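S.K.: Structure provided below as structure tokens; questions to follow.
Numbering (our numbering), first residue to last: 72 to 174.
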């Protein structure tokens, strides 16, 4: 439901993107591909090489006092929409590039 983007690549896989994560779908077995780490994976790390993302998708900052809350969520100066817009722009450029290469 409500995918952000999808593409079918010539390697036998289809890729589905939603909320900064992606699934790799195996067209031959007609199922989500089995891999380590499992899907969904963070698209920023696996597609764009963003070092601020981790391979497993967890970006929670741990405080030394043991209060393990996500600092970004609690920061009143945080503009949560910026990351989403950046990701959507990057995804648009990626999909446009793939479409042009396919021509």
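C-beta: ideal position from N, C-alpha, C; glycine also. None of the values given here were measured: they were computed from a predicted structure.
Please go through the same chain and pick out, in chain order, the residues whose beta-carbon is closer than 8 angstroms to the beta-carbon of residue 83, but skip the five residues on each side of it.
M.R.: 97, 98, 99
S.K.: On the DSSP letters alone, give me the boundaries of the alpha helix (DSSP H) that residue 119 sits inside.
M.R.: 114–119
S.K.: Report yes if the CB atom of residue 91 is closer than 8 angstroms to the CB atom of residue 113, and no otherwise.
M.R.: yes
S.K.: Quick one: give me the first and last residue of the beta strand (DSSP E) that residue 78 is part of.
M.R.: 76–79
S.K.: If you follow the beta strand (DSSP E) that residue 89 is part of, which residue opens it and which one closes it?
M.R.: 84–89
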